[in-house]
Amino acid sequence: MDDLLNSYSVGPDENGRFGKFGGRFVSETLMPLILELEAQYKQAQKDDTFWVEMSDLLKNYVGRPSPLYYAERLTKFLAGAKIYMKRDELNHTGAHKINNVLGQIILARRMGKFRIIAETGAGQHGVATATVCAKFGLKCVVYMGSHDVERQAPNVFRMRLLGAEVIPVKSGRGTLKDAMNDALRDWVTNVRDTFYCIGTVAGPHPYPAMVRDFQSVIGREVKEQINKAEGRYPDTLIAAIGGGSNAMGLFFPFLDDPSVSVIGVEAGGKGVNEAMEHCASLSGGRPGVLHGNRTYLLQDKDGQILEGHSISAGLDYPGIGPEHAWLHDTGRAKYVSITDKQALSAFQLCCQQEGIIPALEPAHALAYVVEIAPKLPKDHLICMNMCGRGDKDIFTVAHALGMDISTAG
Ligand SMILES: *Cc1c(COP(=O)(O)O)cnc(C)c1O
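Mind the numbering: the sequence shown is residues 6 to 414 in this note's numbering, read in order.
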């Protein structure tokens with residue numbers, strides 16, 4: 006086990022494998038692009054000028070470091086463990102996604118690629134990508150399932166305001182999986198000038214590791230901040246999982262310290278046992294291949310990818326990053342699920358106790374904090390990732406609470 010623990014900060018192997026997960030399952034035509042990206046990323050990693058530009062923009066454009074906040078009233082209310090929130094919801098664009106987008110787009114510019122493509126489900130990654138493209142004056146094309154375009158009108162409008170072209174994808178069910186396929190097709194067709202910006206720790210190698218590295222700024226800051234506040238590391242880290250990027254970002258810098266326990270919270274929707282109306286790929290899915298890597302997926306008995314359901318649109322990725330699949334299998338991290346109902350009540354509790362309107366995604370993480378904190382001693386330190394703000398979710402929440410706040414009637 007010691008050997009395994011030592012390797013958490015090293016992986017994946019040269020083929021992009023995290024144990025039996027990850028890899029690069031892509032067509033022959035894509036392979037040269039992926040290899041070029043890998044080589045260029047390796048070079049950038051060793052280049053100080055890359056990190057100087059990154060640090061400057063994280064500070065002055067994104068607003069980092071985000072605070073590590075002691076949630077005093079919530080801690081007293083739950084009367085157990087001491088609860089800290091990593092406030093990534095205060096970032097520019099309201100979530101952690103921009104940490105990663107910034108890294109990939111700085112890399113794209115170094116590579117001389119000035120046309121950026123992305124796919125988006127709920128629209129958050131599309132908005133972050135459109136934002137950074139506007140900042141650098143790059144062309145931005147976002148693929149989005151036609152069904153999602155209808156459901157996520159405000160984010161579609163934001164992307165268009167920011168100058169992005171949003172292409173509705175009508176194939177399949179018109180959701181995220183279909184948008185991913187079209188984005189990959191675009192990339193193969195426009196090899197020369199195009200960079201594919203992936204929004205979570207998924208896709209073919211090197212994306213899962215690269216996205217994780219860019220998001221790890223979260224965990225690195227937490228290390229420093231909690232050391233200052235408490236003189237030691239947290240006992241437990243908790244984060245919500247869609248594809249798993251905010252969670253990997255928080256977890257990764259701590260993985261080699263076995264005293265820190267690590268918990269990922271999947272979207273349990275209406276319950277993990279009921280007719281797949283959930284998005285819990287680890288708790289309720291099986292291994293398979295999607296989006297260029299091998300991981301746990303929501304699928305039916307014939308291997309068809311299922312859509313899943315969550316009150317939080319940002320958690321409905323049908324898979325989970327391969328590194329999480331590996332951490333799950335090795336037992337280094339634990340994965341649990343939280344239902345829509347539990348997330349909704351944690352959402353309200355957070356508004357009332359802390360004056361923070363959380364996104365529905367981190368409300369899942371918070372709901373698990375609510376479940377375990379009362380059972381833990383007062384000197385147990387929990388750090389949860391408040392990875393997004395809830396402004397985008399107020400209509401969904403109002404609807405779930407049976408209220409109508411739409412001015413359109
Ligand atoms: C996109 C998103 C998620 C899910 O993505 P991960 O890659 O799992 O982090 C979670 N929270 C917020 C606020 C998001 O925007």
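Glycine is no exception: its CB is placed at the ideal position from the N, C-alpha and C atoms.
Asked                                                                                                                                          : Found
C-beta contact flag for residue 86 and residue 387 at 8 angstroms                                                                              : yes
Length of the line joining the Cα atoms of residue 167 and residue 290                                                                         : 37 angstroms
Residue 156 in three-state terms, based on DSSP                                                                                                : helix
Distance between beta carbons of residue 283 and residue 293, contact taken as under 8 angstroms                                               : Residue 293 to residue 283, Cβ: 17 angstroms. No contact.
Spatial neighbours of residue 277 in its chain, beta-carbon cut-off 6 angstroms, leaving aside the 5 residues before and after                 : 283, 285, 288, 289, 342
Burial state of residue 396 (16 or more Cβ within 10 Å)                                                                                        : exposed
Residue closest to residue 345, alpha-carbon to alpha-carbon, out of 121, 323, 336, 370                                                        : 370
Proximity of residue 92 and residue 66 at Cβ, strictly below 8 angstroms                                                                       : no
Given 8 angstroms, three or more beta-carbon pairs between the region 307-321 and the region 42-55                                             : no
Residue 91 beta carbon near ligand 1 (any heavy atom closer than 7 angstroms)                                                                  : no
Heavy atom of ligand 3 within 7 angstroms of residue 32 beta-carbon                                                                            : This structure lacks ligand 3; the ligands present are ligand 1.
Enclosing beta strand (DSSP E) for residue 170 [first to last residue]                                                                         : 170-174
Alpha-carbon spacing of residue 89 relative to residue 35, whole angstroms                                                                     : 43 angstroms
Residue nearest to residue 204 in terms of C-alpha spacing, selected from 143, 128, 157                                                        : 128
Whether residue 349 touches residue 402 by CB criterion (8 angstroms)                                                                          : yes
Contact test: residue 353 Cβ vs ligand 1 heavy atom, cutoff 7 angstroms                                                                        : no
Completely contained alpha helix (DSSP H) runs for the region 57-103, where each covers 4 or more residues                                     : 77-83
Residue nearest to residue 98 in terms of C-alpha spacing, selected from 227, 317, 178, 164                                                    : 164
Pair within 8 angstroms by beta-carbon distance, residue 150 and residue 194                                                                   : no
Residue 320, DSSP secondary structure in three states                                                                                          : helix
Helix, strand or coil at residue 37 [DSSP, three-state]                                                                                        : helix
Nearest-angstrom Cβ-Cβ length linking residue 239 and residue 231, presumed shorter than 8 angstroms                                           : 6 angstroms
Inter-residue Cα distance where the pair is residue 380 and residue 267                                                                        : 17 angstroms
Local conformation of residue 221 per DSSP, three classes                                                                                      : coil
According to DSSP, residues forming a beta bridge with residue 434                                                                             : This structure cannot settle anything about residue 434, because the visible part of the chain is limited to 6 through 414.
Rounded C-alpha distance that separates residue 220 from residue 33                                                                            : 29 angstroms
Minimum C-alpha distance to residue 130 - residue among 399, 407, 404, 393                                                                     : 393
CA nearest to the CA of residue 347, picked from 321, 374, 357                                                                                 : 374
Residue interval of the beta strand (DSSP E) (run including residue 182)                                                                       : Residue 182 -> not in any beta strand (DSSP E); alpha helix (DSSP H) instead, spanning 181-194.
Spatially closest choice to residue 251 from 24, 357, 319, 384, by CA coordinates                                                              : 319
Start-end ranges of the alpha helix (DSSP H) lying completely within the region 197-264, minimum 4 residues                                    : 212-220, 222-235, 250-256
Integer-rounded CB distance, given that residue 328 should sit under 8 angstroms from residue 23                                               : 5 angstroms
Option in 214, 233, 109, 297 with minimal Cα separation from residue 257                                                                       : 214
Pairwise C-alpha distance: residue 69 and residue 226                                                                                          : 9 angstroms
Contacts around residue 339, its chain only, beta-carbon distance under 6 angstroms, and the 5 residues preceding and following it disregarded : 268
Proximity of residue 200 and residue 113 at Cβ, strictly below 8 angstroms                                                                     : yes
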